[in-house]
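>
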Amino acid sequence: MRQGNLGVKVIVFNHILSRGEIIVYFTHKASKKLIKSSGVIQMNENNSNITEELIQRGFIVDEKTKAVKGFNANEFALYVKSRMYIIYAKDCYFYLYGGGVWTKEEETMIQVMLRDILQEPKFGVWTLKREKEYMEALKRTVYYNGEMNPIKNYINLKNCLFNTDDFSVRNHSADFLSSIKIPVEYDGSARCPRFLEFLKVCFQNDEERIIVAQEWLGYLLTAETKAQKALILYGGGGNGKGVFTEVLTWLIGEENISNIPLNELNKGFSRVCIYNKTANISN
14 MRQGNLGVKV IVFNHILSRG EIIVYFTHKA SKKLIKSSGV IQMNENNSNI TEELIQRGFI
74 VDEKTKAVKG FNANEFALYV KSRMYIIYAK DCYFYLYGGG VWTKEEETMI QVMLRDILQE
134 PKFGVWTLKR EKEYMEALKR TVYYNGEMNP IKNYINLKNC LFNTDDFSVR NHSADFLSSI
194 KIPVEYDGSA RCPRFLEFLK VCFQNDEERI IVAQEWLGYL LTAETKAQKA LILYGGGGNG
254 KGVFTEVLTW LIGEENISNI PLNELNKGFS RVCIYNKTAN ISN
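Just remember that the working numbering sits 13 ahead of the position in the sequence shown, which is counted from 1.
Quick look at the structure:
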């Protein structure tokens with residue numbers, strides 16, 4: 014700490030979160046201001062490592078002064094691609110992979126993440142101009158021209174990928190481009206006597222209808238839509254329709270279900286809401 018001219022106190026210290034950031038508190042008479050600056054003074058840092066990390070992120074650094082004198086947005090886009098599983102899909106959304114599933118992310122969230130990554134070596138190197146450049150570069154670098162969930166014979170479960178053709182399982186993989194994950198674990202030895210009894214009561218021991226109900230539940234676990242059919246549960250109150258729907262919702266997961274009324278499905282905007290959903294439940 015030192016006393017500057019005009020009674021200004023200057024305190025300089027390393028920021029606890031951002032490397033290289035300097036916080037200077039100015040107090041003069043009755044006014045108080047907080048000013049954050051970066052790169053003026055480096056304290057307890059390895060400048061060679063900082064330079065290397067900046068270059069990795071696409072910055073052009075002066076060899077003598079170590080000052081940033083340029084930026085290559087394409088290089089930063091490639092760096093981001095090397096650090097995370099990320100794609101920019103045809104629906105104009107970014108998707109990030111983690112936990113066995115590709116998750117749609119708002120562009121603003123991606124911008125926040127990339128701003129942090131860009132400034133890891135040195136706080137203050139982000140600018141709006143650079144962001145606009147690298148966001149456009151990234152979209153073209155990680156663009157995916159296909160459909161999500163292209164492999165229809167696998168069900169993405171919490172603990173594995175389940176093959177519906179031969180009932181085998183395999184580990185999760187980003188290569189499957191699955192954006193639909195069923196929130197239950199696969200257990201090949203599990204049995205469900207109470208649910209089977211429930212189906213018998215609901216469908217009055219009609220074996221054909223019981224099989225159809227089970228097949229429908231299994232079909233809704235997949236990303237397949239080739240059946241092009243709708244299931245209508247018809248009957249009076251208290252006959253099991255609500256319980257069946259609750260079981261279906263629990264099994265599939267609310268995040269994989271839309272609730273568009275049938276009379277709205279002929280509208281283009283409404284159909285967008287059922288994209289990447291395995292079921293649409295309408296009362």
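Every residue, glycine too, gets a C-beta built ideally from N, C-alpha and C. Everything numeric in this text was worked out from a predicted model, so none of it was measured.
Report all residues from its chain with a CB closer than 8 angstroms to the CB of Leu170; omit the five preceding and five following residues, and keep chain order.
Only Lys194, Ile195, Val197, Glu198, Tyr199 meet the Cβ criterion.
> Rounding to the nearest angstrom, what Cα-Cα distance links Tyr92 and Thr64 in this structure?
15 angstroms
> Who pairs with Leu109 in a beta bridge, going by DSSP?
Ile99, Thr116
> Identify every run of the alpha helix (DSSP H) within the segment 159-232, keeping only runs that are complete inside it and at least 4 residues long; order them along the chain.
206-215
> Looking at the unbroken alpha helix (DSSP H) that takes in Lys145, where does it start and where does it end?
141-154
> What does the alpha-carbon distance come out to for the pair Ile245 and Leu230?
13 angstroms
> Okay, do the segment 117-130 and the segment 91-107 touch, 3+ Cβ pairs below 8 angstroms being the bar?
yes
> Assuming the contact rule is C-beta atoms closer than 8 angstroms, Met161 and Ser192 should be a hit. Round their C-beta distance to whole Å, please.
Sure, about 4 angstroms apart at Cβ, within 8 angstroms.
> Report the rounded CA-to-CA distance for Ile4 versus Lys77, giving the unit in angstroms.
Not covered by the structure: residue 4. The range shown for the chain is 14 to 296.
> Pull up the distance between the alpha-carbon of Gln55 and that of Ala150, whole angstroms please.
Low confidence applies to Gln55: its pLDDT is 34, below 50, so where it sits in the model is not reliable, and the reading given next is rough at best. Looking at the backbone, the Cα of Gln55 and that of Ala150 are separated by about 31 angstroms.
> Write down the C-beta distance between Asn176 and Asn166 rounded to the nearest angstrom, noting that I regard them as a contact closer than 8 angstroms.
Contact flag correct, Cβ pair sits at about 6 angstroms.
> If you follow the alpha helix (DSSP H) that Ile73 is in, where does it begin and where does it stop?
Note, Ile73: premise wrong, no alpha helix (DSSP H); beta strand (DSSP E) at 72-74.
> Taking Val81 as part of the beta strand (DSSP E), name the residues at either end of that continuous run.
81-84 is the span of the beta strand (DSSP E), which, as asked, contains Val81.
> Thinking C-alpha only, which one of Lys135, Ala90, Ile73, Asn296 is nearest Tyr247?
Asn296
> Which term fits Val155, buried or exposed, when burial requires 16 or more other beta carbons within 10 angstroms of its beta carbon?
buried
> According to DSSP, Ile270 sits in a beta bridge with which residue or residues?
Ala292
> Does the pairing of the segment 266-286 with the segment 213-221 give three or more beta-carbon distances under 8 angstroms?
no
> Where does Lys254 fall in DSSP's three states?
helix
> Out of curiosity, what's the CA-to-CA distance linking Val81 and Lys239?
55 angstroms
> Going straight from the alpha carbon of Ala243 to that of Arg70, what length do you get?
Approximately 51 angstroms between the Cα atoms of the pair.
> Can you give the Cα-Cα distance for Ile273 and Asn85, rounded to whole angstroms?
45 angstroms
> Let me confirm a value: Asn276 is counted as buried when at least 16 other C-beta atoms fall within 10 Å, else exposed. Which label applies?
exposed
> For a quick check, are the C-beta atoms of Ile294 and Thr258 less than 8 angstroms apart?
yes
> Looking at the secondary structure, which residues open and close the alpha helix (DSSP H) in which Asn276 lies?
Looking at the DSSP string, Asn276 is not in any alpha helix (DSSP H), and its letter there is neither H nor E.
> Are the beta-carbon atoms belonging to Asn60 and Lys103 less than 8 angstroms from one another?
No. Outside cutoff.
> Assuming Leu127 and Tyr147 make a contact with CB atoms under 8 angstroms, what is their CB distance in whole Å?
7 angstroms
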